[in-house]
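Before any comments, here is the structure.
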Amino acid sequence: MAYDKFTVLSSTAVPLPIENVDTDQIIPARFLKATKREGFGDNLFRDWRYNGDDTPKQDFVLNNPIYSGKILVGGKNFGSGSSREHAAWAIYDYGFRCVVSSFFADIFKNNSMNIGILPVTVSEGFLHKIFTAIEADPNTVLEVNLPEQTITLVATGEQESFDINGYKKHNLTNGFDDIDFLQNIKSEISEFVSHTTY
Amino acid sequence: MSNNPQSLFDKVWDAHVVKKINDGPDVLFIDRHFIHEVTSPVAFLGLKSRNISVLYPERTFATADHNTPTINQHLPVADPLSANQLKALEENTKSYGISHWGLGNPKNGIVHVVGPENGITLPGMTIVCGDSHTSTHGAFGCIAFGIGTSEVEMVLASQCIMQPKPKKMRINVNGSMQKGVVPKDVVLYIISKLTAAGATGYFVEFAGSVFESMSMEGRMTVCNMSIEMGARGGMIAPDDTTFNYIKGREKAPTGEAWDKAISYWKTLKTDDGVVFDKEYHFEGADIEPQITYGTNPGMGMGITEHIPTSEAMESGKATYEKSLAYMGFNQDDSMIGKPVDYVFVGSCTNGRIEDFRAFASIVKGRRKADNVTAWIVPGSHIVEQQIKDEGILDILTEAGFELRQPGCSACLAMNDDKIPAGKYAVSTSNRNFEGRQGPGARTMLASPLVAAAAAVTGVVTDPRTLLA
Ligand code: SF4
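The listed protein sequences derive, respectively, from chains A and B. Take any residue in the first sequence, count from 1 to its spot, add 362: that is its number in this note's numbering. Take any residue in the second sequence, count from 1 to its spot, add 111: that is its number in this note's numbering.
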């Protein structure tokens, strides 16, 4: 999928200090019936965000206007559970471009990078600092710098670096995806197929 | 023996690397690709917008399962959105020349049930599907894992996927198992010990006498749930049990090809001397029938134990308390005797013939409890037929149960099989997340034996007290 290039993102952030946020919470299965990629943002965190009668739950962070921004900050083990890429689409469609946590589930992490969301893994300590800073001031700005691989609390200058492999970094900064890469090595694939077991 | 010992996982992985990328993932060739109606439509849209075709359509197999009704399958699907997804699958597979076992096809069923039962899944393969429980196929010594829709598109376009090689973990369970303890209990026990994220970043090999003496159905149940401890997948070395299961299935090799296959399959095991990045050892005798009390599959315990107190939790006290509040349980409660409103037997975890035999072994000669609604859902039409042929249907009917038609059903509640808000379900499926089985539904994961004990007594019951 074509997505915006990701280089440096400066934004306020939405805090979700809950652990094990699973993909069934991010987008419940009953909303997976679409045959298109767009429109999932409306149902992001549906059951945490709305009551059974579709009225907003006032205590949920997405319904609190003092929090906004392109960065979502989640607790440990974010995105566990089902492989549904719809979870990443919903996050993207809602307007987030970056998710910060101290630990991501594997498939979610892959899915995110495939559609242009940057998952940033920080230490428990730094995650705690971010939550504390946002709690004290909802206008706290985070700067995520992909070329430098750093995340910074702009007000205090506190910074941590994060890991990402060179290949994925190249893709995200250029707006490429894996299919672009694979289309270019088709002859190597057909050569491989000529001697597979199955 | 080679002086460079290799694990089963390394052998299969290395045999499928098309290309290694510097400071990046491996390009891994995929032997078999399963697709279903929910995670494939957008992948086909992507192909269309890039104007590329399916590279090897004969390596992809489609079945409709996630969204299908489990009654009156001969009628048109009532929900227009579901019907639309089913139609998209039918049209896409047709226009790209992909095999499709749609609703009404005698081979139709849950993707991870029909793959093995038709001999599509064979030892040493790489298998992917846009469903996280693709790990099921690891029971045959395959590297099998769930992928997202962008990756479905990638596999359709190139038959490859880009993956960094995971780390290796081995989980050994040895010794003998207590009566009333079945494969589901073994895997729930392991997950409760490792936690729901304990194997993230790893590919797991299950080894030891407990798995060696397990049937293929049991091994599939175990590998199915390896994703629930965060692992990319789980696998078990193929042996005679595996070969006997495959022999004679529709797409299995025959004649000379069979002999050749067997001699290859026999090399698929971990050599002596391999060092794993992480290794665990458990005793089969320590495992009792399991049940979950919380909202992730790691929150499980022996059925006679008490729910742990938050003091006993290493981290995440607030999350833990939120979870118990959702379930309506208290710390230190006993699970035995807890009320049960629904019982679900089915899913790619426990929707195979052995699971219905186990369920029937307790139900036989007893009656369904009046307060319980039971959904008994075979994993495929082939399983449904076996249930009839073996007389299990008669046992169920006599006890007041009805058999539904195959599909994912209440495992993810995309169709009408939803547990109502606040109600308690004992479920043989794989996930007890908040709302997984319907908004507000409260799920307790367990084996088919525990499900049967709940279905006939109307409360959470230790199945060992009902076994002859
Ligand atoms: S039964 Fe559940 S886990 Fe299995 S394929 Fe269907 S939805 Fe996925």
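Quick reminder that beta carbons are idealized off the backbone N, C-alpha and C, glycines included.
Please check if any C-beta of chain B sits within less than 8 Å of the C-beta of E634 (chain A).
The question about residue 634 (chain A) has no answer, for chain A in this structure spans 363 to 560.
Consider the C-beta atom of L523 (chain B) and the heavy atoms of the ligand SF4; say whether any pair is separated by less than 7 Å.
Position 412 of the second sequence, counted from the start, is the residue given in the question as residue 523 (chain B). Yes, the Cβ of L523 (chain B) comes within 7 Å of a heavy atom of the ligand SF4.
Starting from the C-beta of V537 (chain B), find all residues in its chain whose C-beta is less than 6 Å away, skip the five residues before and the five after it, and write them out in chain order.
Here residue 537 (chain B) refers to the residue found at position 426 of the second sequence. Excluding positions up to five away in sequence, the list reads V451, V454, M555, A557, A562 and A565.
Measuring alpha carbon to alpha carbon, tell me which residue in B:V292, B:C334, B:M280 and B:G286 is nearest G309 (chain B).
Residue numbering aside, residue 309 (chain B) sits at position 198 when the second sequence is read from its first letter. Taking only the C-alpha atoms, the option nearest G309 (chain B) is B:M280.
Please list, in chain order, the chain B residues whose beta carbon lies closer than 7 Å to that of T559 (chain A).
In the first sequence, counting from the first residue as 1, residue 559 (chain A) sits at position 197. Those within 7 Å of T559 (chain A) in chain B are G235 and Y375.
Along chain B, which residues have their Cβ under 8 Å away from the Cβ of T397 (chain A)?
For the purposes of this step, residue 397 (chain A) is identified with residue 35 of the first sequence, where counting begins at 1. Correct list: P152, V153, L156, N195, Q196 and A199.
Does chain B have any CB closer than 8 Å to the CB of I453 (chain A)?
Stepping through the first sequence from its first residue, residue 453 (chain A) is reached at position 91. By this cut-off, I453 (chain A) is not an interface position.
Establish whether the CB of P390 (chain A) and some CB of chain B are separated by less than 8 Å.
If you number the first sequence from 1, residue 390 (chain A) lands on position 28. True, the Cβ-Cβ gap to chain B drops below 8 Å.
For K529 (chain B), count neighbouring Cβ atoms within 10 angstroms of its own Cβ and tell me buried if that reaches 16, exposed if not.
To locate residue 529 (chain B), count along the second sequence from 1; it is residue 418. Burial check for K529 (chain B): the Cβ neighbour count within 10 Å reaches 16 or more, so the residue is buried.
Hey, out of B:V456, B:V149, B:T415 and B:D137, whose CA is closest to S445 (chain B)'s CA?
By one-based count along the second sequence, residue 445 (chain B) stands at place 334. Checked all of B:V456, B:V149, B:T415 and B:D137; the closest Cα to S445 (chain B) is B:T415.
Determine the DSSP secondary structure at G226 (chain B), reduced to helix, strand or coil.
Position 115 of the second sequence, counting from 1, holds the residue named residue 226 (chain B). Three-state result, G226 (chain B): helix.
Please say whether I487 (chain B) and E513 (chain B) have beta carbons closer to each other than 8 Å?
Working through the second sequence from its first residue, we reach residue 513 (chain B) at position 402. Working through the second sequence from its first residue, we reach residue 487 (chain B) at position 376. Yes, Cβ-Cβ distance for E513 (chain B) and I487 (chain B) is below 8 Å.
Where the segment 339 to 356 of chain B meets chain A: residues whose CB sits under 7 Å from a CB there
Going along the segment 339 to 356 of chain B in chain order, one finds G341 and R343 with a Cβ nearer than 7 Å to chain A.
Tell me whether L578 (chain B) is buried or exposed, calling it buried when 16 or more other Cβ atoms sit within 10 Å of its Cβ.
In the second sequence, the residue the question calls residue 578 (chain B) occupies position 467. The residue is exposed, with fewer than 16 neighbouring Cβ atoms inside 10 Å.
Beta-carbon within less than 6 Å of K278 (chain B)'s beta-carbon, same chain only, minus the 5 sequence neighbours each way: which residues are those?
Numbered from its first residue, the second sequence carries residue 278 (chain B) at position 167. So the qualifying residues of the chain are G312, Y313 and D388.
Note down, in chain order, each residue of its chain lying with its Cβ closer than 7 Å to the Cβ of A175 (chain B), except the 5 sequence neighbours on either side.
Residue 175 (chain B) sits at position 64 when you count from the first residue of the second sequence. So the qualifying residues of the chain are H147, E148, L197, L200, G213, L214 and N219.
Is any non-hydrogen atom of the ligand PLP found closer than 7 Å to the C-beta of I221 (chain B), if you look at the structure I gave you?
The ligand PLP is absent from the structure shown, which contains only the ligand SF4.
Looking at the unbroken beta strand (DSSP E) that takes in V129 (chain B), where does it start and where does it end?
For the purposes of this step, residue 129 (chain B) is taken as the residue at position 18 of the second sequence. Counting along the chain, the beta strand (DSSP E) containing V129 (chain B) begins and ends at V128 to K131.
How would you list, in chain order, the residues of chain B whose beta-carbon sits under 8 Å from the beta-carbon of R411 (chain A)?
As a first step, residue 411 (chain A) is located in the first sequence; it is residue number 49 there, counting from the start. Ordered by position in chain B, no residue passes the 8 Å Cβ test against R411 (chain A), which lies about 12 Å from the chain.
Distance, V484 (chain A) Cα to N461 (chain B) Cα
Against the second sequence, residue 461 (chain B) aligns to sequence position 350. Against the first sequence, residue 484 (chain A) aligns to sequence position 122. Answer to the nearest angstrom: the Cα atoms are 38 Å apart.
Residue from A:A495, A:K491, A:V482 and A:D499 with nearest C-alpha to L508 (chain A)
One-based indexing of the first sequence puts residue 508 (chain A) at position 146. Looking only at A:A495, A:K491, A:V482 and A:D499, the smallest Cα-Cα distance to L508 (chain A) is reached by A:V482.
Locate the alpha helix (DSSP H) running through Q497 (chain B), then write down its first and last residues.
The residue labelled residue 497 (chain B) in the question sits at position 386 within the second sequence. Residues H492 to D500.
Nearest neighbour of N473 (chain A), chosen from A:S444, A:G457 and A:N501 [CA to CA]:
As a first step, residue 473 (chain A) must be located in the first sequence, where it is residue number 111. Comparing Cα-Cα distances from N473 (chain A) to each of A:S444, A:G457 and A:N501, the minimum goes to A:S444.
Euclidean distance between Cα positions of L544 (chain A) and K159 (chain B):
By 1-based counting over the first sequence, the position of residue 544 (chain A) is 182. By 1-based counting over the second sequence, the position of residue 159 (chain B) is 48. One C-alpha to the other measures close to 16 Å.
Which of the three DSSP states, helix, strand or coil, is assigned to D137 (chain B)?
Mapped onto the second sequence, residue 137 (chain B) falls at position 26. Strand.
In the DSSP assignment, what residue or residues form a beta bridge with K279 (chain B)?
Translated into positions along the second sequence, residue 279 (chain B) becomes position 168. For K279 (chain B), which the question treats as bridged, DSSP gives the partners B:F314.
Is any heavy atom of the ligand SF4 found at a distance shorter than 7 Å from the C-beta of N229 (chain B)?
Indexing the second sequence from 1 puts residue 229 (chain B) at position 118. No, the Cβ of N229 (chain B) stays beyond 7 Å of every heavy atom of the ligand SF4.
Do you know how far the Cα of K491 (chain A) is from the Cα of E522 (chain A)?
In the first sequence, counting from the first residue as 1, residue 522 (chain A) sits at position 160. In the first sequence, counting from the first residue as 1, residue 491 (chain A) sits at position 129. Going from the Cα of E522 (chain A) to the Cα of K491 (chain A) covers about 11 Å.
I'd like to know whether the C-beta atoms of I209 (chain B) and P168 (chain B) end up nearer to each other than 8 Å.
Numbered from its first residue, the second sequence carries residue 209 (chain B) at position 98. Numbered from its first residue, the second sequence carries residue 168 (chain B) at position 57. Cβ atoms of I209 (chain B) and P168 (chain B): closer than 8 Å.
Taking 8 Å as the limit between beta carbons, can you name the residues of its chain near M112 (chain B), skipping five residues before and five after?
The residue given as residue 112 (chain B) occupies position 1 in the second sequence. Because the pLDDT of M112 (chain B) is 47, which lies under 50, any placement of that residue in the model is unreliable, and the number read from its coordinates should be weighed accordingly. Once the five neighbours on either side are set aside, the close Cβ partners of M112 (chain B) are D382 and D383.
Can you tell which of A:G441, A:V506, A:L480 and A:L394 has its C-alpha closest to the C-alpha of V516 (chain A)?
Counting from one through the first sequence, the residue named residue 516 (chain A) turns up at place 154. Residue A:V506 is the option with its Cα nearest to V516 (chain A).
From what residue to what residue does the alpha helix (DSSP H) around V474 (chain B) run?
The count along the second sequence starts at 1 and reaches residue 474 (chain B) at position 363. V474 (chain B) -> alpha helix (DSSP H) spans I464 to V474.
Let me know the secondary structure DSSP gives Y167 (chain B) once reduced to three states.
Within the second sequence, residue 167 (chain B) is the residue found at index 56, counting from 1. Note: Y167 (chain B) maps to coil in three-state DSSP.
Can you tell me whether C519 (chain B) sits near the ligand SF4, meaning its C-beta is under 7 Å from at least one heavy atom of the ligand?
Reading the second sequence from its first residue, position 408 is the one you call residue 519 (chain B). For the ligand SF4, at least one heavy atom lies less than 7 Å from the Cβ of C519 (chain B).
Note down, in chain order, all residues in the segment 491 to 518 of chain A with a beta-carbon under 7 Å from any beta-carbon belonging to chain B.
Among the residues of the segment 491 to 518 of chain A, none has a Cβ less than 7 Å away from any Cβ of chain B.
Could you check whether I254 (chain B) and V385 (chain B) sit closer than 8 Å to each other, using their CB atoms as the reference points?
Indexing the second sequence from 1 puts residue 385 (chain B) at position 274. Indexing the second sequence from 1 puts residue 254 (chain B) at position 143. Going by C-beta atoms, V385 (chain B) is not nearer than 8 Å to I254 (chain B).
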